[in-house]
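What the sequence shown shows, in UniProt numbering, is residues 1 to 327, in sequence order.
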Amino acid sequence: MRYTPSEFPLPSGLILRGFSYIPATEMTAKSNSVILCLHGWLDNAASFLPLWDDLFVASQKIDNLGSEATVEAELTSQASHQATIAERNLVSYTWHCIDFPGHGLSEHRGSDAAYHHTDYIMDIAALIETQGWENVILVGHSMGGIVGASVCALLPERIQRFISIEAVGPLVEDSTMTVQQMRRALRSRIEQAQKTIKQPDSLSRVLSAKMHAGNLSEEHATMIMRRNLRETEGRYVWGTDPKLRTVSTFRMTVAQAKDIMQNIRCPILFIKGDSGFVRISEQYAQRTKWLKTQHSLTTLPGNHYVHMQAPHQLLLAIQNFLTESLT
């Protein structure tokens with residue numbers, strides 16, 4: 001198992017880039033299901049590389065062990081056996097991980113366009129529909145989980161399962177703050193348009209800033225930031241769209257977020273880091289009362305980037321969730 005670069009044109013003309021894994025022909029029992037991974041704000045598809053690398057190790061182990069009968073004969077503990085069977089199941093799916101527009105290697109929106117939250121939702125919904133994916137398992141981290149919740153509500157007939165990492169539905173704002181939010185957005189756009197973009201002085205400074213902002217290891221910060229940068233003539237320049245940092249014009253109201261959550265039909269697995277965002281536990285307690293579908297919460301060792309810090313535990317949690325929710 002190895003992932004390959006991929007491109008997905010959208011009806012809007014934008015091209016999303018990422019990487020994909022297609023299972024070998026002898027492992028295609030679940031090939032009609034697609035696992036689609038969505039990253040967080042200012043990150044990119046590379047934030048899922050630790051998860052995918054763990055999956056690659058699993059596929060190599062399975063290739064070496066051979067059939068499931070051989071696996072059972074060679075494993076000495078029930079825990080190891082369960083882990084290997086879980087890994088075998090996950091490598092039989094098709095996986096795609098994409099960069100959102102303006103992030104990583106994906107194309108930017110036009111110079112006069114902004115990055116509205118609702119546009120991200122439409123991008124992913126359009127991707128799923130134009131690719132003809134009918135049985136989708138969404139995995140979203142942070143902004144990817146926020147977007148993913150709305151996609152689940154929009155396409156209930158196509159989304160089979162949803163794994164939301166450090167996110168519990170849409171970001172909200174009180175309706176009485178509408179004008180204030182719009183003013184902030186207006187100011188940020190004017191300031192951004194007038195600003196001269198400062199390119200990185202060095203890779204080390206970029207990595208240091210990302211490590212500090214996300215409480216990340218240098219290894220994980222490097223994975224993300226190398227995909228957000230371009231190297232030309234020995235210098236680094238930003239590949240991400242600077243407009244990503246402008247303030248959103250609107251945020252949903254609580255009533256709108258509730259309507260979205262109530263219209264999700266697939267089972268949901270919420271994942272949080274044991275030192276992740278405090279609001280995740282608070283939102284889970286409040287917002288899961290709105291849900292009309294099966295849901296659960298799993299806590300893993302790590303912070304907001306728990307999917308990078310505990311990839312093996314996350315893979316097992318996902319497989320357990322898929323097994324339980326499909327029975």
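For every residue, glycine included, the Cβ atom is placed at its ideal position computed from N, Cα and C.
Exposed or buried, residue i, counting other C-beta atoms within 10 Å across all chains shown (16 or more means buried)?
{"i": "Q199", "result": "exposed"}
{"i": "E166", "result": "buried"}
{"i": "A24", "result": "exposed"}
{"i": "A221", "result": "buried"}
{"i": "N32", "result": "exposed"}
{"i": "D174", "result": "exposed"}
{"i": "R161", "result": "buried"}
{"i": "V91", "result": "buried"}
{"i": "A201", "result": "In the sequence on display, residue 201 carries Asp and not Ala. D201 comes out exposed."}
{"i": "I146", "result": "buried"}
{"i": "A213", "result": "exposed"}
{"i": "A193", "result": "exposed"}
{"i": "D112", "result": "exposed"}
{"i": "P5", "result": "exposed"}
{"i": "Q262", "result": "exposed"}
{"i": "P255", "result": "This sequence places Ala at residue 255; Pro is not what is there. Exposed."}
{"i": "V136", "result": "buried"}
{"i": "L138", "result": "buried"}
{"i": "R158", "result": "buried"}
{"i": "residue 332", "result": "The chain is shown from 1 up to 327; residue 332 falls before or after that span and cannot be answered."}
{"i": "I197", "result": "exposed"}
Which residues mark the beginning and the end of the beta strand (DSSP E) in which residue i is found?
{"i": "G135", "result": "What sits at residue 135 in the sequence shown is Asn, not Gly. Start and end: N135 to H141."}
{"i": "K272", "result": "I268 to G273"}
{"i": "I15", "result": "I15 to Y21"}
{"i": "V237", "result": "R235 to W238"}
{"i": "L300", "result": "H295 to L300"}
{"i": "W95", "result": "T94 to I98"}
{"i": "F8", "result": "T4 to P9"}
Near residue i, which residues of its chain fall below 8 Å by C-beta distance, leaving aside the five closest residues on each side in sequence?
{"i": "A69", "result": "Confidence in A69 is poor, its pLDDT being 46 and thus under 50, which makes the residue's placement too unreliable to answer from."}
{"i": "residue 362", "result": "Lying outside 1 to 327, the shown extent of the chain, residue 362 is not represented and no answer is given."}
{"i": "E324", "result": "none"}
{"i": "G102", "result": "H108, R109, Y115, T240, D241, K243 and L244"}
{"i": "A79", "result": "Note that A79 scores 46 on pLDDT, short of 50, meaning its location in the model is unreliable; the coordinates nonetheless yield the value given after this. Closer than 8 Å at the Cβ level, and outside the excluded window around A79, lies no residue."}
{"i": "G132", "result": "none"}
{"i": "I121", "result": "V147, S150, V151 and L154"}
Within the same chain, show all residues whose beta-carbon is closer than 6 Å to that of residue i, passing over the 5 residues directly before and after it, in chain order.
{"i": "L154", "result": "A125"}
{"i": "F321", "result": "L269"}
{"i": "R189", "result": "T246"}
{"i": "G140", "result": "L38, G148 and S164"}
{"i": "W95", "result": "Y21 and I35"}
{"i": "I15", "result": "E7, P9 and E107"}
{"i": "T298", "result": "I271 and A317"}
{"i": "P11", "result": "A126"}
{"i": "Q309", "result": "G302"}
{"i": "K258", "result": "W290"}
Name the two residues that bound the continuous alpha helix (DSSP H) containing residue i.
{"i": "G214", "result": "L203 to G214"}
{"i": "R226", "result": "E218 to N228"}
{"i": "S33", "result": "Here S33 belongs to no alpha helix (DSSP H); instead the beta strand (DSSP E) covers S33 to L38."}
{"i": "R279", "result": "V278 to R287"}
{"i": "H108", "result": "Run containing H108: none; DSSP gives neither H nor E here."}
{"i": "V254", "result": "V254 to Q262"}
{"i": "H307", "result": "V306 to Q309"}
Starting from the C-beta of residue i, find all residues in its chain whose C-beta is less than 7 Å away, skip the five residues before and the five after it, and write them out in chain order.
{"i": "Y3", "result": "F19, S20, Y21 and W52"}
{"i": "M143", "result": "G40 and W41"}
{"i": "I280", "result": "E166, V168 and K272"}
{"i": "L216", "result": "K210 and Y305"}
{"i": "I260", "result": "A149, S150, A153, G169 and P170"}
{"i": "N44", "result": "D99, H103, G104, I224, R227 and N228"}
{"i": "K292", "result": "Q262"}
I'd like to know if residue i contacts chain B, where contact means its C-beta is closer than 7 Å to some C-beta of that chain.
{"i": "T288", "result": "Absent from the structure: chain B. Only one protein chain is present."}
Taking contact to mean at least 3 C-beta pairs separated by less than 8 Å, is the stretch 222-229 in contact with the stretch 238-252? yes
Check whether the stretch 107-126 touches the stretch 46-58, taking contact to mean three or more Cβ pairs, one atom from each stretch, closer than 8 Å. no
Are there three or more Cβ pairs, one per stretch, closer than 8 Å when the stretch 246-254 is compared with the stretch 177-185? yes
Continuous beta strand (DSSP E) assignments of at least 3 residues falling wholly in the stretch 111-177: 135-141 and 159-165
Is the stretch 119-139 touching the stretch 278-290 in the sense that three or more CB pairs, one from each, lie closer than 8 Å? no
Contact between the stretch 141-155 and the stretch 312-326 is defined here as three or more beta-carbon pairs at a separation below 8 Å; is this criterion met? no
Using 8 Å as the Cβ pair cut-off and three pairs as the minimum, do the stretch 293-310 and the stretch 269-279 touch? yes
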